[in-house]
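This report refers to the structure that appears directly beneath it.
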Amino acid sequence: MNNREFWRHAAANIHWYQAPDTVLDEENPPFYRWFSDGSTNACYNALDLHVEQGRGDQAALIYDSPITATKRQYSYNELLDEVSQFAGVLAAQGVEKGDRVIVYMPMVPEALIAMLACARLGAVHSVVFGGFASNELAVRIDDASPKVIVSATCGVEPARVVPYKPLLDAAIDLAKHKPCACIILRRPMQDASMISGRDLDWAEAMADAQPVPCVPVAANDPLYILYTSGTTGQPKGVVRDTGGSIVALKWSMKNIYNVAPGDVYWAASDVGWVVGHSYIVYGPLFAGCTTVIYEGKPVGTPDPGAFWRVIAEHKVNVMFTAPTAFRAIKKEDPQGKLLQQYDTSCLESLFLAGERCDPNTLAWAEDKLGVPVIDHWWQTETGWPICSNCLGIELLPIVPGSPARAVPGYDVQVLNEQGEQVAAGDIGALVIKQPLPPGTFTTLWNAEDRYISAYFSRYPGYYETGDAGYIDENGYIFVMARTDDVINVAGHRFSTGAMEEVLADHPDVAECAVVGVADPMKGQLPLGLLVLNADVDRPLEDIVAESIQLMRDKIGPVAAFKLCAVVERLPKTRSGKILRGTMRNIADGERWKMPATIDDPIILDEISSALQTLGYANQAR
1 MNNREFWRHA AANIHWYQAP DTVLDEENPP FYRWFSDGST NACYNALDLH
51 VEQGRGDQAA LIYDSPITAT KRQYSYNELL DEVSQFAGVL AAQGVEKGDR
101 VIVYMPMVPE ALIAMLACAR LGAVHSVVFG GFASNELAVR IDDASPKVIV
151 SATCGVEPAR VVPYKPLLDA AIDLAKHKPC ACIILRRPMQ DASMISGRDL
201 DWAEAMADAQ PVPCVPVAAN DPLYILYTSG TTGQPKGVVR DTGGSIVALK
251 WSMKNIYNVA PGDVYWAASD VGWVVGHSYI VYGPLFAGCT TVIYEGKPVG
301 TPDPGAFWRV IAEHKVNVMF TAPTAFRAIK KEDPQGKLLQ QYDTSCLESL
351 FLAGERCDPN TLAWAEDKLG VPVIDHWWQT ETGWPICSNC LGIELLPIVP
401 GSPARAVPGY DVQVLNEQGE QVAAGDIGAL VIKQPLPPGT FTTLWNAEDR
451 YISAYFSRYP GYYETGDAGY IDENGYIFVM ARTDDVINVA GHRFSTGAME
501 EVLADHPDVA ECAVVGVADP MKGQLPLGLL VLNADVDRPL EDIVAESIQL
551 MRDKIGPVAA FKLCAVVERL PKTRSGKILR GTMRNIADGE RWKMPATIDD
601 PIILDEISSA LQTLGYANQA R
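Everything in the sequence shown is counted per the UniProt record's numbering, starting at 1 for the first residue and increasing by one.
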């Protein structure tokens with residue numbers, strides 16, 4: 001079966017108002033279009049279809065919040081009623097097909113309801129991770145120009161309540177674009193002042209609203225915009241289309257994750273990230289599964305047995321989370337004693353993604369759970385897995401350190417700097433031959449030129465993943481590192497350039513560099529090195545503390561920026577390029593050699609001393 005026939009067959013398994021005749025439109029590469037003459041609706045495929053097929057009483061959503069001691073369950077009938085009603089709330093505020101709505105919410109059912117309500121109307125949602133700093137939110141408001149913003153009074157962390165409403169108000173003040181309305185979910189642990197004429201109470205608006213039906217949309221109409229995390233300059237708003245997303249995600253649920261209608265699927269992530277979009281909200285509901293929204297942590301809510309409790313209590317069949325979550329559990333309960341308190345025999349498999357899973361963590365999870373542990377690789381841009389062991393097709397041998405082979409639809413290759421394929425086992429740039437399969441990003445919002453230049457210009461005919469790795473002689477793919485300077489903190493990607501922009505805003509900082517250093521819990525942590533202006537006459541400790549706070553204010557606490565030091569100079573090449581890779585190797589204690597192009601070798605000794613004061617570097621050469 002060729003590529004077109006493969007996806008034509010997959011497309012026959014979703015609901016279309018108008019089934020497509022054209023499978024793939026290749027007229028304008030790299031802007032390939034799948035199912036371009038089809039018409040559908042994502043909310044209809046997620047909810048209405050299952051109710052019509054007689055599964056309305058089946059559980060669609062389980063909400064479990066150990067932080068607030070709250071549990072709630074929605075059947076497909078109940079969730080459809082809530083979504084239809086909230087779509088009526090949005091429609092009453094003038095939201096129509098093609099309008100944008102920003103969702104700035106904690107992990108509560110209302111976040112999912114808001115997303116599906118947008119899809120019901122054909123509006124384009126853009127979810128921003130709850131608690132992101134005001135200036136980050138303001139940038140996204142200006143780029144997406146939402147008609148409405150949906151938010152809550154607060155989010156809840158294990159040790160504190162995070163007020164969202166003041167952050168939202170500050171963001172709107174900073175933004176040039178002003179929304180017509182804000183719909184605020186009032187949570188009992190934190191109220192907030194409402195701005196007359198702009199802010200609406202969620203409960204009051206729902207009480208007055210009329211439910212609305214689904215609006216048919218073209219297959220290539222955008223379903224959502226998701227901004228890549230950590231951007232402080234012009235954001236990269238990944239655009240996902242509607243038809244391709246439904247087809248790909250529904251196919252993946254059966255063929256990759258091996259779930260069927262009625263199974264309980266739990267992605268322990270957040271709706272602010274791509275995993276939350278694909279595998280908390282859309283994928284499980286397209287497949288007729290029960291999805292879990294978990295407002296808690298792997299440890300501390302209340303203990304490292306939290307995941308085991310959720311699995312046992314809600315009879316979870318398939319779980320998906322990040323390796324960092326299991327590293328945290330392993331650190332607190334290395335023998336897995338808490339696991340013995342729960343019956344997790346319902347669990348059939350565990351999937352890990354968001355960062356490379358180290359073999360020790362994979363082996364620990366396999367040993368304790370006794371199920372296949374699948375490390376798989378994908379990106380915000382692709383929206384669903386590039387490489388995975390496809391349990392619904394065939395369980396291949398699990399090779400630690402590898403996300404197995406390319407998923408059907410992806411042609412993954414390894415190229416050198418000249419764009420030539422390398423031999424098996426040789427490291428190069430991991431790329432995907434065009435066209436990308438359905439469900440991957442179709443453009444960047446308001447940035448078509450950047451879509452081409454950032455992803456398709458370096459290797460013509462290929463999508464540049466930004467990752468480096470190799471393919472072994474058995475076809476197993478190994479993802480080794482980013483080819484650019486991107487830090488992966490517990491599965492959340494941050495640009496070092498964006499962080500450096502923040503540090504450079506400090507009035508006493510003349511120059512700076514940020515590198516990612518290895519961390520056993522979070523995978524990586526950002527480490528900042530500051531070069532101060534010559535006339536600075538202040539305690540260095542104050543400047544470091546202010547820089548850390550600046551990063552927290554502008555990027556947010558999720559960046560976990562705590563490692564910072566003042567240095568005399570930064571190591572550079574003669575052309576002025578900062579040697580970030582060498583500094584990272586020194587910090588991680590890895591073997592390194594003196595770069596041939598370095599301007600002044602003595603600087604690396606100074607850098608090593610500074611890193612040692614932070615607890616890093618053994619300067620192994």
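We put the CB at the ideal spot given by N, CA and C, even for glycine. Because the structure is a prediction, the values reported are computed rather than measured.
- It is roughly 9 Å from the alpha-carbon of Trp16 to the alpha-carbon of Gly243.
- In the three-state reduction of the DSSP assignment, Arg72 falls in the strand class.
- Setting aside the 5 residues that flank it on each side, Pro520 is surrounded in the same chain by Arg327, each with a C-beta closer than 7 Å to its C-beta; the list follows chain order.
- Fewer than three Cβ pairs drawn from the segment 289-305 and the segment 349-366 lie within less than 8 Å of each other, which leaves the two stretches out of contact.
- A residue is called buried when at least 16 other Cβ atoms come within 10 angstroms of its Cβ; Glu52 does not meet this threshold and is exposed.
- For Arg240, the three-state secondary structure derived from DSSP is strand.
- The three-state reading of DSSP puts Cys214 in coil, since its state is none of H, G, I, E or B.
- Between Ala111 and Phe86, the C-beta gap is not smaller than 8 Å, which leaves the two residues out of contact.
- Taking C-beta separations shorter than 7 Å and ignoring five residues to either side along the sequence, the partners of Leu395 in its chain run Pro372 and Asn389, following chain order.
- Under the 10 Å beta carbon count, Arg591 is surrounded by fewer than 16 other beta carbons and is classified as exposed.
- By the beta-carbon neighbour count (other beta carbons within 10 angstroms, threshold 16), Gln524 is buried.
- Taking 3 residues as the shortest admissible run, the segment 455-514 contains the following complete beta strand (DSSP E) segments, listed from N- to C-terminal end: 462-471, 477-482, 486-489 and 492-495.
- Around Asp270, the same chain offers Met107, Phe129 and Gly276 as residues with beta carbons nearer than 7 Å, after the five sequence neighbours per side are excluded.
- Taken in chain order, the unbroken stretches of alpha helix (DSSP H) that lie wholly in the segment 82-134 and span 4 residues or more are 109-121.
- Beta-bridge partners of Glu157 (DSSP): Arg160.
- Between Ile432 and Ile386, the C-beta gap is smaller than 8 Å, which places the two residues in contact.
- For Phe320, the pairing in a beta bridge is given by DSSP as Ala267 and Phe351.
- Taking a C-beta distance under 8 Å as the contact criterion, Ile62 and Val247 do not qualify as a contact pair.
- Beta-bridge annotation (DSSP): Arg33 is paired with Asp25.
- Annotation for Val310: no beta strand (DSSP E) segment contains it, though the alpha helix (DSSP H) segment containing it runs Ala306 to His314.
- In terms of Cα proximity to Gly425, the closest of Gln418, Gly419, Val414 and Pro435 is Val414.
- For the 8 Å CB-CB criterion, Leu200 and Ile172 do not form a contact.
- Taking the Cα positions, Ile374 is about 25 Å away from Ala60.
- Remark: C-beta atoms of Val95 and Leu121 approach each other more closely than 8 Å.
- Proximity to Leu579 across Lys562, Phe561 and Pro601 peaks at Pro601, based on C-alpha coordinates.
- Annotation: Leu436 to Ile195 spans about 45 Å, alpha carbon to alpha carbon.
- A buried status is given to Asn488, since no fewer than 16 other beta-carbon atoms sit within 10 Å of its beta-carbon.
- The Cβ neighbour count for Leu540, taken over all protein chains shown within 10 Å, is under 16; the residue is labelled exposed.
- By the Cβ rule, the segment 559-574 counts as touching the segment 603-612, because three or more pairs are nearer than 8 Å.
- Within the same chain, and ignoring the five residues on either side of Val161 in sequence, the residues whose Cβ sits closer than 7 Å to its Cβ are Cys154, Met189 and Gln190.
- Taking 8 Å as the cut-off, the beta carbon of Ile102 is found closer than this to the beta carbon of Ala144.
- No Cβ-Cβ contact shorter than 8 Å links Met499 with Met583.
- As the crow flies, the alpha-carbon of Ala268 is around 22 Å from that of Val83.
- Of the residues assessed, Lys176 falls on the exposed side of the cut-off, its CB having fewer than 16 other CB atoms within 10 angstroms.
- The shortest CA-to-CA distance from Ala322 to any of Gly283, Cys289 and Trp377 is the one to Trp377.
- For Thr440, the three-state secondary structure derived from DSSP is coil.
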